[in-house]
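Here the numbering used here = 1-based position in the sequence shown + 9. The C-beta atom is built at its ideal place from N, Cα and C for all residues, glycine as well. The model shown is predicted, which means the values in this text are computed figures rather than measured ones.
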Amino acid sequence: MEKASFALKGTICYAKTMGELETLDQGYVVCREGICEGAYPVLPKEYEGLPVIDYKNMLIIPGLVDLHIHAPQYPSQGLGLDLELLDWLKAHTFPEESRYGDMEYAKKAYRIFAQDLKNSATTRAVIFSTIHTDAAKFLMEALNDAGLVAFVGKVNMDQNCDDRLKEDTDASIEATVSWLDETLGKYETVRPILTPRFAPSCSEALLEGLGGLQKKYKIPVQSHLSENLSEISWVKELFPWSSCYGDVYERFGLFGGEAKTVMAHCVYSSKEEVARIKQNGVYVAHCPQSNMNLASGIAPIRKYLEEGIAVGLGTDVAGGASMSMFRCMIDAICVSKLYWRLLDQSKKPLTMEEAFYLATKGGGAFFGKVGSFEKGYEMDALVLDDGKMNGVRKLDAKQRLERYFYLAEEKGRIAAKYVGGADIWN
Ligand code: GUN
Ligand code: FE
Numbered sequence: 010m011e012k013a014s015f016a017l018k019g020t021i022c023y024a025k026t027m028g029e030l031e032t033l034d035q036g037y038v039v040c041r042e043g044i045c046e047g048a049y050p051v052l053p054k055e056y057e058g059l060p061v062i063d064y065k066n067m068l069i070i071p072g073l074v075d076l077h078i079h080a081p082q083y084p085s086q087g088l089g090l091d092l093e094l095l096d097w098l099k100a101h102t103f104p105e106e107s108r109y110g111d112m113e114y115a116k117k118a119y120r121i122f123a124q125d126l127k128n129s130a131t132t133r134a135v136i137f138s139t140i141h142t143d144a145a146k147f148l149m150e151a152l153n154d155a156g157l158v159a160f161v162g163k164v165n166m167d168q169n170c171d172d173r174l175k176e177d178t179d180a181s182i183e184a185t186v187s188w189l190d191e192t193l194g195k196y197e198t199v200r201p202i203l204t205p206r207f208a209p210s211c212s213e214a215l216l217e218g219l220g221g222l223q224k225k226y227k228i229p230v231q232s233h234l235s236e237n238l239s240e241i242s243w244v245k246e247l248f249p250w251s252s253c254y255g256d257v258y259e260r261f262g263l264f265g266g267e268a269k270t271v272m273a274h275c276v277y278s279s280k281e282e283v284a285r286i287k288q289n290g291v292y293v294a295h296c297p298q299s300n301m302n303l304a305s306g307i308a309p310i311r312k313y314l315e316e317g318i319a320v321g322l323g324t325d326v327a328g329g330a331s332m333s334m335f336r337c338m339i340d341a342i343c344v345s346k347l348y349w350r351l352l353d354q355s356k357k358p359l360t361m362e363e364a365f366y367l368a369t370k371g372g373g374a375f376f377g378k379v380g381s382f383e384k385g386y387e388m389d390a391l392v393l394d395d396g397k398m399n400g401v402r403k404l405d406a407k408q409r410l411e412r413y414f415y416l417a418e419e420k421g422r423i424a425a426k427y428v429g430g431a432d433i434w435n
């Protein structure tokens, strides 16, 4: 990836702290060899030699980070969303994922996924594949070729799933080891992540094996947590010794601490689970559209923010139908309003600035210094053309940004997309 040096000029918007928006009309964001040198109202003298790319009146924001998405479920986008989680997995998701043993199908589907993700607002993503290692490697390659930054997980599961996807425990660990040996350090922008699907479909022996791999390879972990009420009761039956759902992962070293971990959903995390999430520095991937589609519930994100828990946003395709992170931000705001109105009036709805923070710096933190235009951050940027949006009244930068988020799919146009300082759009 070319790590260029340049300055972008336009209407700069980014979030430094939760809830506050920094804006600069006709400002500059400076990038030196892929790293942001800061945002300025006037180009500082020391950068005057750099090429300036003038995007005129367009909005320039940090890239958006999708903390939870299932690449193999992309062909099921918008299909079969009339069931709750466990029935949905059985009826739609496992059958679709079982196709990825066929490399012809996998290649076709993953090429489309990588291309569409490249053409979206997402610059970085944390991604599930399936149990199939050859297909997972192809996906990693396709994302790397697209210039996107990603963690990709080969899924592990050895019980309570479709027979076509059920792995032998030892074979699952062995396949994961050879996949790790082959992919660690191989790609410029894509890295492997350990991916026990969720506690119900993993035996204790499998979780123990994966915990061992985490220690050995020191790689991050992703899974699902406390998404649905039937799922939570099932975890209690399957792991009667556990004090909460998260305890199952923690017992095997797959829940934060030394193991950087992101858990999707956390809709019904108990008090103890919340305390452990916080203590262990586990990231919560909030997936509002999926939680609506599968009638899972509403995650108490305001509570997590008050607790100081690290939160980002996820589309959870295909539980979520849309891979748009703009839509994801708006869904997060909307469900937080329902939570406040219907469930707990002490938990204020998320503001637009807060949702923007979650989609940029919040999720970006999982990747390091990502999601801001502060000095030292990796240079991921989107240039947004809102020229097709109603221009009768003059709006300020914040208003234009808010409108863009709401109308992105209808009237928005991405004019450029930079990842780690490389323009992957033009
Ligand atoms: N829990 C276990 N697997 C899945 C999945 O594929 N999607 C969602 N939303 N939840 C899960
Ligand atoms: Fe998911």
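Reference residue i, options the options, closest by Cα
| i | options | result |
| --- | --- | --- |
| glycine 290 | Ser235, Glu259 and Cys211 | Glu259 |
| leucine 410 | Glu31, His274 and Leu189 | Glu31 |
| methionine 301 | Ser242, Lys312 and Val276 | Val276 |
| isoleucine 78 | Gly317, Gly371, Thr185 and Val326 | Val326 |
| lysine 175 | Trp349, Ser210, Lys117 and Arg133 | Ser210 |
| tyrosine 49 | Gly43, Gly323, Val186 and Glu383 | Glu383 |
| lysine 227 | Ala118, Tyr119 and Gly194 | Gly194 |
| tyrosine 313 | Cys170, Pro358, Tyr56 and Ala130 | Pro358 |
| aspartate 172 | Ile121, Lys127 and Pro104 | Pro104 |
| tyrosine 366 | Thr20, Leu73 and Gly43 | Leu73 |
| alanine 330 | Ser299, Glu57 and Gly220 | Ser299 |
| histidine 101 | Lys117, Tyr119, Glu240 and Gln82 | Gln82 |
| isoleucine 339 | Thr192, Thr360 and Gln124 | Thr360 |
| glycine 385 | Gly28, Arg41 and Met27 | Arg41 |
| isoleucine 318 | Ala341, Thr324 and Ala294 | Ala294 |
The ligand GUN heavy atom lying under 8 Å from the CB of residue i
| i | result |
| --- | --- |
| cysteine 45 | no |
| histidine 141 | no |
| serine 299 | yes |
| arginine 173 | no |
| serine 210 | yes |
| leucine 303 | yes |
| threonine 102 | yes |
| glutamate 236 | yes |
Minimum Cβ-Cβ distance from residue i to chain D less than 9 Å
| i | result |
| --- | --- |
| serine 210 | Judged by its chain identifiers, the structure shown contains no chain D, having just a single protein chain. |
The ligand FE heavy atom lying under 8 Å from the CB of residue i
| i | result |
| --- | --- |
| cysteine 275 | no |
| cysteine 296 | yes |
| phenylalanine 137 | yes |
| histidine 79 | yes |
| aspartate 325 | yes |
| histidine 233 | yes |
Beta-carbon proximity check, residue i vs residue j, cutoff 9 Å
| i | j | result |
| --- | --- | --- |
| cysteine 45 | lysine 407 | no |
| glutamate 387 | lysine 397 | no |
| glutamate 246 | valine 164 | no |
| leucine 92 | leucine 263 | no |
| valine 271 | valine 158 | no |
| alanine 13 | glycine 430 | yes |
| valine 51 | leucine 17 | no |
| alanine 151 | tyrosine 109 | no |
| isoleucine 182 | leucine 215 | yes |
| leucine 238 | glycine 306 | yes |
| cysteine 253 | serine 279 | yes |
| threonine 6 | aspartate 75 | Residue 6 lies beyond the range of the chain shown here (10 to 435); nothing can be said about it. |
| tyrosine 413 | leucine 68 | yes |
| glycine 220 | phenylalanine 160 | no |
| glycine 373 | glycine 321 | yes |
| isoleucine 433 | alanine 155 | yes |
Local Cβ density within 10 Å of residue i, reported as buried at 16 or more and exposed below that
| i | result |
| --- | --- |
| glycine 218 | buried |
| valine 283 | buried |
| threonine 35 | Looking at the sequence shown, residue 35 is not threonine but glutamine. That one is exposed. |
| valine 244 | buried |
| aspartate 395 | buried |
| serine 381 | buried |
| lysine 146 | buried |
| asparagine 435 | exposed |
| leucine 347 | exposed |
| asparagine 66 | exposed |
| glutamate 363 | buried |
| lysine 370 | buried |
| glycine 421 | buried |
Span separating the alpha-carbon of residue i from that of residue j
| i | j | result |
| --- | --- | --- |
| serine 232 | glycine 255 | 10 Å |
| methionine 334 | alanine 80 | 15 Å |
| phenylalanine 248 | glutamine 86 | 32 Å |
| glutamate 236 | proline 309 | 12 Å |
| tryptophan 97 | isoleucine 202 | 25 Å |
| cysteine 170 | serine 138 | 16 Å |
| proline 205 | serine 251 | 17 Å |
| serine 355 | glutamine 223 | 39 Å |
| glycine 328 | proline 297 | 10 Å |
| alanine 390 | serine 187 | 35 Å |
| isoleucine 70 | glutamate 57 | 22 Å |
| aspartate 353 | glycine 19 | 40 Å |
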